[in-house]
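>
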Amino acid sequence: MPEQSQHKPHDNSYKLLFSNPQMVADLLRGYIHQPWIEQPDFTTLSRVASSHVSADLREREDDIIWRVRWADQQRWLYIYLLLQFQSRPDRYMALRILTYLGRLYEDLGKTRQLTPSGKLPPVLPIVLYNGRRRWHAAQDIAELIDKAPGDLQTYRPHLRYFLLDENRYANEPIPQVRNLVAALFGLENSRTPEDIRQLLSLLIDWLALPEQMQLRRHFTAWIKRALLPARMGAINTEHLEQLDDLQEVDSMLAERVKDWTRDWKAQGIEEGREKGHKEGAAAVLLRLLERRFGTLDEVFADAA
201 MPEQSQHKPH DNSYKLLFSN PQMVADLLRG YIHQPWIEQP DFTTLSRVAS
251 SHVSADLRER EDDIIWRVRW ADQQRWLYIY LLLQFQSRPD RYMALRILTY
301 LGRLYEDLGK TRQLTPSGKL PPVLPIVLYN GRRRWHAAQD IAELIDKAPG
351 DLQTYRPHLR YFLLDENRYA NEPIPQVRNL VAALFGLENS RTPEDIRQLL
401 SLLIDWLALP EQMQLRRHFT AWIKRALLPA RMGAINTEHL EQLDDLQEVD
451 SMLAERVKDW TRDWKAQGIE EGREKGHKEG AAAVLLRLLE RRFGTLDEVF
501 ADAA
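Following the working numbering from start to finish, the sequence shown increments by one per residue and tops out at 504.
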């Protein structure tokens, strides 16, 4: 059975981010390196309304369904995005994807969302995973089904999902080309407050237009409710909730960096003093022992 998520603030704010067409477009263009990715018209990206899918799919909290027109403007490509926030890979993810896509196709058939040729449209299933363990689960349902003899093998189903494992981008340099998802992954894998501030600077620059206000707020919500509490355990969450914009988050971090640097220096000085006291006490003890027993090297040599 799938593990229940323990990171609801992360899940909800992440879903808000990928409810924005700019994020979905950057995800597709930045991470799917296949020739066909040049064919969709990303200006037509639209989220599939909940009224167009069954109750089973509507009630799911970890997936989002989008569609985008091909360049010919007559056909749609559907994108099924599953956000996977479990701490470890789900062995049966391929089976889950088969089940969810079966329901989606059933809905598309019932509502006559067909291509001009009368067929069902293509669906791209994407699993976005941010757990710490590397993903080793099967990516095709066929890999979960035992081989059958002879021609019976023909009837084994095949359905593959596209895996986006954030861990694979942990050592990627800070993006120089504008890509909001690359900045998000960079924040996820940041190690220091300085790393976070560099990426915040990019987001502030990239999301400067008035029409990007909502996405800027969604990034702010994710940073203060998920990222910073995970990175800065002792931080005052009430103070974080008062932050309303990326610029305010950056200003707060700048002050925190000063405080941390001062604390680290003070801690280093104190540890140095403590070490000095210990080393001084050890030297006094050594002199007393040598006064009574002679040079310790000679004492140990005689004992041997």
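Note that CB positions come from ideal geometry on N, CA and C, so glycine has one too.
Return the residue from the list P357, W270, E388, Y361 that minimises the CA-CA distance to E372.
Along the sequence shown, read from residue 1 onward, the residue named residue 372 stands at position 172. For the residues P357, W270, E388, Y361, the minimum Cα distance to E372 belongs to E388.
> CA-CA distance, Y329 and T392?
Locating residue 329 in the sequence shown gives position 129, counting from the first residue. Locating residue 392 in the sequence shown gives position 192, counting from the first residue. Y329 and T392: Cα-Cα distance of roughly 22 Å.
> Quick check on DSSP: helix, strand or coil for I265?
Here residue 265 refers to the residue found at position 65 of the sequence shown. In the structure shown, I265 sits in a strand (DSSP, three-state: E or B).
> Could you compute how far the alpha carbon of I374 sits from the alpha carbon of R275?
Locating residue 374 in the sequence shown gives position 174, counting from the first residue. Locating residue 275 in the sequence shown gives position 75, counting from the first residue. Rounded to whole angstroms, I374 to R275 spans 36 Å at the Cα level.
> Taking C-alpha atoms, which residue in R360, I297, P410, I326 lies nearest to D340?
Translated into positions along the sequence shown, residue 340 becomes position 140. When each option's Cα is compared against that of D340, the closest is R360.
> Considering only residues of the same chain and omitting the five flanking positions on each side of M452, which have a CB-CB separation below 7 Å?
By 1-based counting over the sequence shown, the position of residue 452 is 252. So the qualifying residues of the chain are L443.
> Taking 8 Å as the threshold (C-beta atoms), are L364 and I326 in contact?
As a first step, residue 326 is located in the sequence shown; it is residue number 126 there, counting from the start. As a first step, residue 364 is located in the sequence shown; it is residue number 164 there, counting from the start. In contact: I326 and L364 (Cβ atoms closer than 8 Å).
> Excluding the 5 residues flanking L301 on each side, which residues of the same chain have their C-beta closer than 8 Å to its C-beta?
Here residue 301 refers to the residue found at position 101 when the sequence shown is read from its first residue. If we look at L301 and ignore the five residues flanking it on each side, its Cβ neighbours are Y280, V323, P325, L359.
> Just curious, the alpha helix (DSSP H) that T354 is in, first and last residue?
Position 154 of the sequence shown, counted from the start, is the residue given in the question as residue 354. Premise fails: T354 is in no alpha helix (DSSP H) and is neither H nor E.
> Quick one, are the C-beta atoms of L400 and V457 less than 8 Å apart?
Start at 1 with the first residue of the sequence shown, and residue 400 comes out as number 200. Start at 1 with the first residue of the sequence shown, and residue 457 comes out as number 257. For the pair L400 and V457, the CB atoms are not nearer than the 8 Å cut-off.
> Within the same chain, show all residues whose beta-carbon is closer than 6 Å to that of S251, passing over the 5 residues directly before and after it, in chain order.
The count along the sequence shown starts at 1 and reaches residue 251 at position 51. Bear in mind that the predicted position of S251 carries a pLDDT of just 48, short of 50, making it too unreliable to give a figure here.
> Classify P316 as helix, strand or coil using the three-state DSSP reduction.
Here residue 316 refers to the residue found at position 116 when the sequence shown is read from its first residue. In the three-state reduction of the DSSP assignment, P316 falls in the coil class.
> Nearest to G265 by CA position, among P235, L282, A271, is which residue?
Translated into positions along the sequence shown, residue 265 becomes position 65. Rather than Gly, the amino acid found at residue 265 in this sequence is Ile. Cα-wise, what sits closest to I265 is L282.
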